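S.K.: Protein sequence lines, in the order shown, are assigned to chains C and D.
This note's numbering numbers the first residue of the first sequence as 2 and each following residue consecutively.
This note's numbering numbers the first residue of the second sequence as 47 and each following residue consecutively.
Glycine is no exception: its CB is placed at the ideal position from the N, C-alpha and C atoms.
Bear in mind that the values here come from a model prediction, so they are computed numbers and not experimental data.
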Amino acid sequence: MSTTSANGLAIELHGLTKEFGNITAVNDLSVRVERGGVIGLLGPNGAGKSTTIRMLLGLIAPTHGSGHVLGHDVRSPSAYMQRVGALVEAPVFYPKLSGRDNLRTLAVLAGVDNERIDEVLEIVDLTGRDTDRAGDYSLGMKQRLAIAASLLKDPELVLLDEPTNGLDPAGIVEIRELLIRLGHSGKTIIVSSHLLAEIQAACDRLIIINRGSLVFEGPTHELLYQARNELVIVPEYRSDLSKLAALLDEKDINFAANGVGLRAPGATAESALVNRLAFEHGVTLRELRADVEDLEDVFLRLTNTREIN
Amino acid sequence: MLRTYKSELIRFRKTAFVGAGIMAAFTALVTTLTFVGFEESAGPGPGGGGRGLPGPTDLAAVDGLISGLASAATMIGIVALALFATSVARDYERGTIRQLLVGEPRRALLLGGKVLALLIMVFAGVAVSAVVGMGAAFALAPVAGISTAAWTTTSAVSGAIGTTVNVMIATVVWGFAGAILAMVTRSASTAITVGIGYLLVGEQLLTLVWDTSSDWMVSGTLTTFTSGGTAAVSYGQSAVLLALYAAAFVVATFVVFQRRDITD
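#1: Flag residue 9 of chain C as yes if its beta-carbon sits less than 8 Å from any beta-carbon of chain D, otherwise no.
#2: Would you list, in sequence order, the uninterrupted beta strand (DSSP E) runs of no fewer than 3 residues that lie entirely inside the stretch 193-255 of chain C?
#3: Would you mind telling me which residues of chain C sit closer than 9 Å to residue 122 of chain D, beta carbon to beta carbon, in chain order?
#4: Quick one: what does DSSP say residue 152 of chain D is sitting in, helix, strand or coil?
#5: Return yes when the Cβ of residue 122 of chain D is within less than 8 Å of the Cβ of residue 175 of chain D, no when it is not.
#6: Apart from the five residues just before and just after residue 301 of chain C, which ones in its own chain have a Cβ nearer than 7 Å to its Cβ?
#7: Tell me which same chain residues have a C-beta within less than 7 Å of the C-beta of residue 154 of chain D, skipping the five on either side of it?
#8: Using a Cβ-Cβ cut-off of 6 Å (strictly less than) and excluding sequence neighbours within five positions of residue 220 of chain D, which residues of its own chain qualify?
#9: Please state the DSSP three-state secondary structure of residue 170 of chain C.
#10: Would you identify the three-state DSSP class for residue 261 of chain D, choosing helix, strand or coil?
#11: Quick check on residue 231 of chain C: buried or exposed, where buried means 16 or more other Cβ atoms within 10 Å of its Cβ?
#12: When DSSP builds the beta bridges, which residues end up paired with residue 38 of chain C?
#13: Please check the pair residue 148 of chain D and residue 87 of chain C, which I expect to be a contact at CB under 8 Å, by giving their CB distance rounded to whole angstroms.
#14: Using a Cβ-Cβ cutoff of 7 Å, what residues of the stretch 135-161 of chain C are near chain D? List them in chain order.
#15: Report yes or no: do the stretch 190-198 of chain C and the stretch 113-120 of chain C share at least 3 C-beta pairs separated by less than 8 Å?
#16: Run down chain C in chain order and give the residues with a C-beta less than 8 Å from the C-beta of residue 142 of chain D.
#17: Please classify residue 82 of chain D as buried or exposed, where buried requires at least 16 other C-beta atoms within 10 Å of its C-beta.
#18: Under a three-way DSSP split, which group does residue 257 of chain C fall into?
#19: Tell me where the alpha helix (DSSP H) around residue 59 of chain C begins and ends.
#20: Quick one: is residue 9 of chain C buried, meaning 16 or more other Cβ sit within 10 Å of its Cβ, or exposed?
#21: Closest Cβ-Cβ distance between residue 79 of chain C and chain A: below 8 Å?
#22: Count the other C-beta atoms from every protein chain shown that fall within 10 angstroms of the C-beta of residue 238 of chain C, then say buried if there are 16 or more, exposed otherwise.
#23: Residue 283 of chain D touches chain C at which residues, Cβ-Cβ below 9 Å?
#24: Could you check whether the Cβ of residue 117 of chain C sits closer than 8 Å to any Cβ belonging to chain D?
#25: Select from the stretch 9-36 of chain C all residues with a C-beta closer than 7 Å to any C-beta belonging to chain D, and list them in chain order.
#26: Which residues in the same chain as residue 152 of chain C place their Cβ atom closer than 6 Å to its Cβ, once the five residues preceding and following it in sequence are excluded?
#27: The beta strand (DSSP E) that contains residue 19 of chain C, what's its start and end?
#28: Going by beta-carbon coordinates alone, are residue 49 of chain D and residue 110 of chain C separated by less than 8 Å?
#29: Tell me residue 159 of chain C's beta-bridge partners as DSSP assigns them.
#30: State yes or no: is the beta carbon of residue 179 of chain C nearer than 8 Å to at least one beta carbon in chain D?
#31: Does any CB atom of chain C fall closer than 8 Å to the CB of residue 148 of chain D?
#32: Classify residue 178 of chain C: buried if its beta carbon has 16 or more other beta carbons within 10 angstroms, exposed otherwise.
#33: Closer than 6 Å by C-beta to residue 238 of chain D: which residues in its own chain qualify, once you throw out the five before and the five after it? Chain order, please.
#34: Pick out whichever of D:274, D:156, D:145 and D:160 has its Cα sitting closest to the Cα of residue 133 of chain D.
#35: Using DSSP's beta-bridge definition, name the partner residues of residue 265 of chain C.
#36: For residue 55 of chain C, which residues in chain D fall below 9 Å Cβ to Cβ?
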């Protein structure tokens, strides 16, 4: 196996598998992540997100398969980790040391100078509290300190596991804006989170895994394009159902009847037309609405059915 | 490795000072008990000392100057075992091992820097303890009526240096034992309990059923080495055995760390 890959991908995995005894945490995962932008890593609890991130960081050795991070073999993390920053699961620090000293331990370890500590503290807005003991920080401040730690090396690739955990709404918005800003600066940011609305707002692309396997990989809008989009039409009187069905047939609108009403897939844009037709033919509608899945609905559907994109 | 060493010093500085302080306090306490309580302990042993404790004749001899440190060697070793175990296991218990490995993915260097910092801390702690022990001996000798004439000779100084170096080496082996136990158990309290339990109690029980085992088992070898050898095992033999134990502990610690998945 080659130790480097010449392509410009941030991450490239081929059949990556991790087994813990009889349990397969990550199963034959193949994915390619282009450089730059914010990428969401989604999956239910136990899907294999953290195990995947740990394999990318060299904390866990893959059982099978191959992978490259920034062009280097995932089994040789020392070749690329100087260009990678990470927050793995909960933010953890030495509670008796100040926030600044916690960063200093990591900066010294990574060969980063003190000026960079000031820069990352400013980025996460902790400058005024940097000399307080990390043990006295709120969870939100710990999250921000952890993000600061992940940025110390000014990395090309940043892996953040649940960076908005425990943050209040204002803190979540701050982190979201920070991630978008970092993504626009040319860095590749991979974020795992359970807050799907946040992922939808911040991420250009998504990777969804379930039970250790890839379910979806691609642009966020592409996933949302797959979202169910139906027009729900329910007449006031059930006796009007057949008349309504004939009107939709005339306009070549596909539908399915369910006894009380009709559901027309992909016809949400035709709601005005349907309303007008019904009115012109004396049919009163009790319900006319668009039934559109959001990211959460699509995520739940995909992770239950394991459809591969 | 220098970077990991410096990083460890920032994190472990306060604990190291406390550890060195405890070592010195134990030495001062043991020295005080030796000088103040030697009459109670005096018995049939050479020099008047009973149950292994030095008597007045021993204390007035050239080795009397450093007798406190020699007697406190086991206590100092226990402190070192606890310090090494705490330093190694603490990062697993807190989860900071993940951050450290993101900063320095070369595991051998990360552990090497930690061990280097701990070694320097142990050497400093034992050196301070030696100074404290000798200071206490000089202060207490007039009170106990012990002559200090022999303590200012060249042989007394070289003897003190030799004993200090022996205690340093033995203390490091105690520390290495703590490190491998902590690496395997990933728990400081478990490692300390198992380590102290085995070395102080377990081996004594084994000696009861296999009386020659103390000649070559870890705790017995540590005692033999710090006391300069016994009739059954020479100082040189105990040094070789101790070096083998140290090497085994260190290699095992590095191998386990190198191969382990960081799942905590």
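M.R.: In short, the structure shows the following:
#1: Your numbering for residue 9 of chain C matches position 8 in the first sequence. The C-beta of residue 9 of chain C comes no closer than 8 Å to any C-beta of chain D.
#2: Complete beta strand (DSSP E) runs here, min 3: 206-211, 214-220 and 230-236.
#3: The residue labelled residue 122 of chain D in the question sits at position 76 within the second sequence. Those do not exist, as residue 122 of chain D stays about 25 Å from chain C at its closest Cβ, beyond 9 Å.
#4: In the second sequence, counting from the first residue as 1, residue 152 of chain D sits at position 106. Three-state DSSP puts residue 152 of chain D in coil, outside helix and strand.
#5: Locating residue 175 of chain D in the second sequence gives position 129, counting from the first residue. Locating residue 122 of chain D in the second sequence gives position 76, counting from the first residue. By the CB criterion at 8 Å, residue 175 of chain D and residue 122 of chain D fall inside the cutoff.
#6: As a position in the first sequence, residue 301 of chain C is number 300, starting the count at 1. Setting aside the 5 residues that flank it on each side, residue 301 of chain C has no residue in the same chain whose C-beta is closer than 7 Å to its C-beta.
#7: As a working note, residue 154 of chain D is residue 108 in the second sequence. So the list reads 300 and 304, once near-sequence residues are dropped.
#8: Here the question's residue 220 of chain D lines up with position 174 in the second sequence. The beta carbon of residue 220 of chain D sits closer than 6 Å to the beta carbons of 123, 126 and 127 from its chain, once the five residues preceding and following it are set aside; these are given in chain order.
#9: Along the first sequence, one-based indexing puts residue 170 of chain C at 169. If DSSP states are grouped into helix, strand and coil, residue 170 of chain C belongs with the helices.
#10: The count along the second sequence starts at 1 and reaches residue 261 of chain D at position 215. Reduced to three states, the DSSP call for residue 261 of chain D is helix.
#11: Residue 231 of chain C sits at position 230 when you count from the first residue of the first sequence. Taking every protein chain shown into account, the CB of residue 231 of chain C has 16 or more other CB atoms within 10 angstroms, so this residue is buried.
#12: Start at 1 with the first residue of the first sequence, and residue 38 of chain C comes out as number 37. Residue 38 of chain C pairs with C:189.
#13: Within the second sequence, the letter at position 102 stands for residue 148 of chain D. Within the first sequence, the letter at position 86 stands for residue 87 of chain C. Contact flag correct, Cβ pair sits at about 5 Å.
#14: Residues 150.
#15: At 8 Å Cβ cutoff, the stretches do not touch.
#16: Stepping through the second sequence from its first residue, residue 142 of chain D is reached at position 96. Within 8 Å Cβ-Cβ: 93, 94 and 95.
#17: In the second sequence, the residue the question calls residue 82 of chain D occupies position 36. Flag for residue 82 of chain D reads exposed.
#18: The residue given as residue 257 of chain C occupies position 256 in the first sequence. Residue 257 of chain C falls in the strand class under three-state DSSP.
#19: Sequence index remark: in the first sequence, residue 59 of chain C carries index 58 (1-based). Note, residue 59 of chain C: premise wrong, no alpha helix (DSSP H); not H, not E.
#20: Here residue 9 of chain C refers to the residue found at position 8 of the first sequence. Residue environment for residue 9 of chain C: exposed (fewer than 16 other C-beta atoms within 10 angstroms of its C-beta).
#21: The structure shown has no chain A; the protein chains it does contain are C and D.
#22: Position 237 of the first sequence, counted from the start, is the residue given in the question as residue 238 of chain C. By the Cβ neighbour-count rule, residue 238 of chain C is exposed, with fewer than 16 other Cβ atoms within 10 Å of its own.
#23: Start at 1 with the first residue of the second sequence, and residue 283 of chain D comes out as number 237. The contacting residues do not exist; residue 283 of chain D stays about 41 Å from chain C at best.
#24: Locating residue 117 of chain C in the first sequence gives position 116, where the first residue counts as 1. Chain D contact via Cβ: absent.
#25: Residues: none.
#26: Here residue 152 of chain C is taken as the residue at index 151 of the first sequence, counted from 1. The residues 86 and 121, in chain order, have a CB closer than 6 Å to that of residue 152 of chain C in the same chain once the five nearest residues on each side in sequence are set aside.
#27: One-based indexing of the first sequence puts residue 19 of chain C at position 18. Segment 10-21, the beta strand (DSSP E) holding residue 19 of chain C.
#28: Indexing the second sequence from 1 puts residue 49 of chain D at position 3. Indexing the first sequence from 1 puts residue 110 of chain C at position 109. Result yes, Cβ atoms of residue 49 of chain D and residue 110 of chain C sit closer than 8 Å.
#29: One-based indexing of the first sequence puts residue 159 of chain C at position 158. DSSP, once it has assigned bridges, lists C:86 and C:190 as partnering residue 159 of chain C.
#30: Counting from 1 along the first sequence, the entry for residue 179 of chain C is found at position 178. False, the Cβ-Cβ gap to chain D never drops below 8 Å.
#31: Stepping through the second sequence from its first residue, residue 148 of chain D is reached at position 102. So, interface residue.
#32: Residue mapping note: residue 178 of chain C aligns to position 177 of the first sequence, counting from 1. Exposed is the call here.
#33: Taking the first residue of the second sequence as 1, we reach residue 238 of chain D at position 192. Contacts found: 128 and 131.
#34: Position 87 of the second sequence, counted from the start, is the residue given in the question as residue 133 of chain D. Looking at D:274, D:156, D:145 and D:160, the one whose alpha-carbon comes closest to that of residue 133 of chain D is D:160.
#35: Here residue 265 of chain C corresponds to residue number 264 of the first sequence, with the count starting at 1. Residue 265 of chain C is bridged by DSSP to C:232.
#36: By one-based count along the first sequence, residue 55 of chain C stands at place 54. Those within 9 Å of residue 55 of chain C in chain D are 144, 307, 308 and 309.
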